[in-house]
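Residue numbers (the working numbering): 9 to 465.
Please read the structure below before turning to the comments.
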Ligand SMILES: [Zn+2]
């Protein structure tokens, strides 16, 4: 087996140039999912991927049409008794605007120094290709040591409207021991990273109604409760003096951090001053008793995302507004339930809203947090692979945002995801001059070769 590991790594070294030209091929296809005009390019990218899977000798290679972008599938299940890994990827990319800020054509992949510039280089055609090239290296040197299923979608950048339904209707085809999601990055070139937790989200719109119409503040100020004041009072009451969210029961199911996790958070190569520098705030703010990394990764939040009421034009207008509105969202952590959080917010409003106003709460979105057990054999195999390639212990990170597909796979297939990709923080994803660092990309291929070999029982 170790021979195969060495042989596959050697194959990857020998084929660097060919790998790069394949990479350029897929980067040349402008598969922008947000723009209708690119529908043929979306199709072309799907066909390109299915041809790649075919060349690798995958079975059941198929392009499944959906209401928007097709889903590409292929599998290799030739190793009985070995684990089955479901590799997720997306082949669509963000639009290129503002095009005038690009130094090279977004779909004319260009190598400058150690980087390749093109839309999708980092997010995530490059990451998807890493998994295919690692598999190729193993197939060419004796065969895959485990079972792999590939699932590529073409509408991640528009919120994957058809993916969950597809997964739900193909649970048998997609059955696996765990999923792998390379749609992510490292904390820095020397910091290989495994993301093992993602926060969830609950999003609400709260409206407070007062008088039947706007009132003159001279004639009525002092006798009616101003809905803007009332909304501000309600929002102010949603946190206590220590920065904790003040909804009844909000923390009841929040999973506490283990000592090991505290230590991992402390190891992350980002600290308080980095947050201050990145945000431009005079000082950080938040729940007391936790570091900035812990607050963004492992603690829940409640934030106002928008506020609207009354007169916001130039100059002054003495008005008592008829209504006020706030957009509120919570970032959730394991094991909070978005539906339960909704009830907690309702209870808070029932208990605290004054009787002289009326309020309405609308739930706009909700998805739970996801977390992978760090003792999961997939996580272990990846950690070992990263350590082999980079020579340092990988960093375990909990991400503040969410990747919906990870939650979907947990919910619909009952599997955890190993989240590990090789983008860098300065890759300009979703922005002009997107790039991927090529030495890091080749390291990524080596890491996935090691990962697949490590999984062999
Ligand atoms: Zn992506």
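Backbone N, C-alpha and C define an ideal beta-carbon position, used for all residues, glycine too.
Between residue i and residue j, is the Cβ-Cβ spacing less than 8 Å?
{"i": "residue 346", "j": "residue 374", "result": "yes"}
{"i": "residue 162", "j": "residue 78", "result": "yes"}
{"i": "residue 273", "j": "residue 299", "result": "yes"}
{"i": "residue 200", "j": "residue 330", "result": "no"}
{"i": "residue 432", "j": "residue 121", "result": "no"}
{"i": "residue 126", "j": "residue 205", "result": "no"}
{"i": "residue 124", "j": "residue 117", "result": "yes"}
{"i": "residue 256", "j": "residue 356", "result": "yes"}
{"i": "residue 228", "j": "residue 370", "result": "no"}
{"i": "residue 37", "j": "residue 53", "result": "yes"}
{"i": "residue 427", "j": "residue 192", "result": "yes"}
{"i": "residue 380", "j": "residue 387", "result": "yes"}
{"i": "residue 152", "j": "residue 80", "result": "no"}
{"i": "residue 170", "j": "residue 236", "result": "no"}
{"i": "residue 166", "j": "residue 367", "result": "no"}
{"i": "residue 340", "j": "residue 210", "result": "yes"}
{"i": "residue 142", "j": "residue 35", "result": "no"}
{"i": "residue 250", "j": "residue 309", "result": "no"}
{"i": "residue 160", "j": "residue 176", "result": "no"}
{"i": "residue 437", "j": "residue 425", "result": "no"}
{"i": "residue 105", "j": "residue 41", "result": "no"}
{"i": "residue 232", "j": "residue 223", "result": "yes"}
{"i": "residue 172", "j": "residue 420", "result": "yes"}
{"i": "residue 28", "j": "residue 144", "result": "no"}
{"i": "residue 182", "j": "residue 60", "result": "no"}
{"i": "residue 185", "j": "residue 423", "result": "yes"}
Which whole-angstrom value is the C-beta distance of residue i and residue j, which I expect to be below 8 Å?
{"i": "residue 441", "j": "residue 110", "result": "6 Å"}
{"i": "residue 96", "j": "residue 187", "result": "6 Å"}
{"i": "residue 449", "j": "residue 62", "result": "23 Å between Cβ atoms; not a contact."}
{"i": "residue 335", "j": "residue 360", "result": "Not quite, the Cβ-Cβ distance comes to about 19 Å (not below 8 Å), so this is no contact."}
{"i": "residue 146", "j": "residue 460", "result": "6 Å"}
{"i": "residue 149", "j": "residue 12", "result": "6 Å"}
{"i": "residue 238", "j": "residue 362", "result": "6 Å"}
{"i": "residue 398", "j": "residue 198", "result": "7 Å"}
{"i": "residue 349", "j": "residue 338", "result": "6 Å"}
{"i": "residue 225", "j": "residue 326", "result": "4 Å"}
{"i": "residue 138", "j": "residue 190", "result": "6 Å"}
{"i": "residue 180", "j": "residue 98", "result": "Not quite, the Cβ-Cβ distance comes to about 23 Å (not below 8 Å), so this is no contact."}
Helix, strand or coil for residue i? Go by DSSP, reduced to three states.
{"i": "residue 401", "result": "coil"}
{"i": "residue 458", "result": "helix"}
{"i": "residue 363", "result": "coil"}
{"i": "residue 330", "result": "coil"}
{"i": "residue 464", "result": "coil"}
{"i": "residue 204", "result": "strand"}
{"i": "residue 373", "result": "strand"}
{"i": "residue 196", "result": "strand"}
{"i": "residue 431", "result": "strand"}
{"i": "residue 344", "result": "coil"}
{"i": "residue 379", "result": "strand"}
{"i": "residue 451", "result": "helix"}
{"i": "residue 211", "result": "strand"}
{"i": "residue 335", "result": "strand"}
{"i": "residue 253", "result": "strand"}
{"i": "residue 414", "result": "helix"}
{"i": "residue 242", "result": "helix"}
{"i": "residue 282", "result": "helix"}
{"i": "residue 387", "result": "helix"}
{"i": "residue 421", "result": "coil"}
{"i": "residue 351", "result": "helix"}
{"i": "residue 273", "result": "helix"}
{"i": "residue 443", "result": "strand"}
{"i": "residue 14", "result": "helix"}
{"i": "residue 322", "result": "coil"}
{"i": "residue 266", "result": "coil"}
{"i": "residue 22", "result": "helix"}
{"i": "residue 368", "result": "strand"}
{"i": "residue 315", "result": "strand"}
If you compare alpha carbons, which of the options is closest to residue i?
{"i": "residue 264", "options": "303, 254 and 283", "result": "303"}
{"i": "residue 154", "options": "132, 54, 191 and 83", "result": "83"}
{"i": "residue 158", "options": "94, 313 and 301", "result": "94"}
{"i": "residue 230", "options": "328, 308, 172 and 189", "result": "328"}
{"i": "residue 462", "options": "439, 391, 179 and 438", "result": "391"}
{"i": "residue 268", "options": "129, 405, 98 and 340", "result": "405"}
{"i": "residue 293", "options": "276, 174 and 247", "result": "247"}
{"i": "residue 389", "options": "26, 71, 456 and 168", "result": "456"}
{"i": "residue 394", "options": "180, 98 and 203", "result": "203"}
{"i": "residue 408", "options": "68, 214, 446 and 301", "result": "301"}
{"i": "residue 14", "options": "396, 423, 91 and 402", "result": "396"}
{"i": "residue 434", "options": "131, 416 and 98", "result": "131"}
- Item | Whole runs of the beta strand (DSSP E) within the stretch 102–132, excluding any shorter than 3 residues | 118–120 and 123–125
- Counting only runs that start and end within the stretch 31–107, where is the beta strand (DSSP E) found for 3 or more residues in a row? 67–72, 79–84 and 92–98
- Message: In chain order, what are the residue ranges of uninterrupted alpha helix (DSSP H) at least 4 long that sit wholly in the stretch 130–194?
- Response: 133–147 and 171–177
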